[in-house]
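I have placed the structure first, in the form of structure tokens, so that the comments after it can refer back to it.
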Ligand SMILES: Nc1nc2c(ncn2[C@@H]2O[C@H](COP(=O)(O)OP(=O)(O)O)[C@@H](O)[C@H]2O)c(=O)[nH]1
Ligand SMILES: [Mg+2]
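Residue numbers (the working numbering), protein chains in the order written: chain A, 591 to 805; chain P, 44 to 178.
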């Protein structure tokens with residue numbers, strides 16, 4: 591039974607590859623994860639490496655990315671093959687937004703209220719995308735932070751329930767406190783790739799895995 | 044095993060902490076949006092909502108989406124949510140064992156409260172310790 595289904599799915603994969611035309615729709619890959627994990631830094635690095643320009647501003651202020659931003663037709667070349675993806679940088683998913691948090695970053699009250707409203711709209715939109723509009727997920731975590739949070743567990747559960755291919759990126763391995771192993775232990779059912787999006791460490795493996803999982 | 048310190052019966056001045064414990068049976072008969080309404084209406088009233096059986100992933104995703112749409116700087120900053128057991132673990136967890144149940148991902152006890160009033164102090168496989176502040 592299992593063997594048959596495996597066989598069938600590998601046959602359909604092969605035929606899908608055979609009939610893939612150059613004009614085929616690129617897979618839409620959503621970059622998800624908690625605020626400040628380095629999603630935008632990663633999206634910018636991928637976009638810069640393969641298209642020459644960036645996706646959006648990176649920032650220490652949480653919720654800098656308040657709307658999902660898309661970079662289309664990013665062609666990643668690997669070992670003579672190439673995969674074309676659309677990358678969607680999303681706001682960090684959270685269950686709460688308090689505009690007062692922005693005030694701590696020297697942002698005026700009016701601006702803080704506007705930012706928090708945009709952030710909530712962005713998170714809602716990102717959840718909607720996850721249910722309807724992405725073909726694969728890169729889940730970015732700050733390897734210097736505890737991965738066992740409720741939001742991470744819920745999001746990984748949501749992604750699994752959609753049967754989407756997912757890669758876990760253990761980011762910020764340039765930091766001394768970082769532990770990619772702790773991330774891998776938290777989600778043993780998925781492949782974890784260590785990297786530093788900021789420093790560009792281990793990007794070769796990052797692109798190999800993207801090609802393997804989303805190609 | 045959910046330690047909610049300083050719970051006292053509501054003495055009428057509205058500064059008590061109300062806990063809504065919603066059975067699996069009650070939830071089973073509701074549609075997704077009805078479940079979410081039941082939860083968020085409780086949370087908007089400042090209550091701690093405990094679901095005997097948790098939400099499925101799609102319902103959790105909609106709960107986050109609806110919560111986001113209801114956040115309002117003056118009144119509502121969102122929710123705090125914790126579940127048991129962790130869905131990623133295969134162990135049924137303490138609550139399921141206590142209730143003599145088989146491990147089932149849908150069978151996770153879930154605690155939801157207003158983000159500005161509930162703070163998770165500690166959580167491990169056996170204990171959720173939450174601090175609830177009065178309004
Ligand atoms: N040390 C270190 N910092 C990083 C790395 N990636 C991102 N950051 C920093 O983390 C902060 C948040 O990054 P950003 O990409 O805006 O996070 P996002 O909220 O997930 O989009 C910024 O200050 C980044 O410079 C990394 O690999 N190493
Ligand atoms: Mg960002």
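Backbone N, C-alpha and C fix where the C-beta goes; we use that ideal spot for every residue, glycine too. Computed from a prediction, not measured in an experiment: that's the story for all the values here.
Helix, strand or coil for residue i? Go by DSSP, reduced to three states.
i: residue 786/A; result: strand
i: residue 112/P; result: helix
i: residue 634/A; result: helix
i: residue 95/P; result: coil
i: residue 777/A; result: coil
i: residue 69/P; result: helix
i: residue 160/P; result: coil
i: residue 86/P; result: helix
i: residue 641/A; result: helix
i: residue 667/A; result: strand
i: residue 765/A; result: coil
i: residue 126/P; result: strand
i: residue 105/P; result: helix
Tell me, please, whether the CB atom of residue i is closer than 7 Å to any CB atom in chain A?
i: residue 114/P; result: yes
i: residue 111/P; result: yes
i: residue 104/P; result: yes
i: residue 82/P; result: no
i: residue 108/P; result: yes
i: residue 158/P; result: yes
i: residue 135/P; result: Below a pLDDT of 50, predicted positions are generally treated as unreliable, and residue 135/P, at 49, falls in that range; the measurement from the model is reported next regardless. Taking Cβ atoms only, chain A never reaches closer than 7 Å to residue 135/P, which makes this a no.
What do you reckon, is the C-beta of residue i under 6 Å from a heavy atom of ligand 2?
i: residue 710/A; result: no
i: residue 684/A; result: no
i: residue 75/P; result: no
i: residue 655/A; result: yes
Check whether the Cβ of residue i lies closer than 6 Å to any heavy atom of ligand 1, and answer yes or no.
i: residue 628/A; result: yes
i: residue 153/P; result: no
i: residue 788/A; result: yes
i: residue 751/A; result: no
i: residue 762/A; result: yes
i: residue 625/A; result: yes
i: residue 757/A; result: no
Run down chain A in chain order and give the residues with a C-beta less than 9 Å from the C-beta of residue i.
i: residue 122/P; result: 685 and 686
i: residue 125/P; result: 740
Would a check of beta-carbon distances place residue i closer than 7 Å to chain P?
i: residue 622/A; result: no
i: residue 793/A; result: no
i: residue 736/A; result: no
i: residue 548/A; result: Since the first and last residues shown for chain A are 591 and 805, residue 548/A lies out of range.
i: residue 678/A; result: no
i: residue 714/A; result: yes
Listing by chain order, which chain P residues have their CB less than 7 Å from the CB of residue i?
i: residue 748/A; result: 100, 103 and 104
Using a Cβ-based criterion (distance less than 6 Å to any ligand heavy atom), does residue i qualify as near ligand 4?
i: residue 648/A; result: Ligand 4 is absent from the structure shown, which contains only ligand 1 and ligand 2.
Which residues in chain P sit within 9 Å of residue i, going by Cβ to Cβ distance?
i: residue 674/A; result: Those do not exist, as residue 674/A stays about 28 Å from chain P at its closest Cβ, beyond 9 Å.
For a contact defined as C-beta to C-beta under 8 Å, what are the partners of residue i on chain P?
i: residue 756/A; result: Here the premise fails: no neighbours, minimum Cβ distance about 13 Å.
Legend entry - Every unbroken alpha helix (DSSP H) inside the region 689 to 759 of chain A [4 residues or more]: 690 to 693, 699 to 722 and 740 to 751
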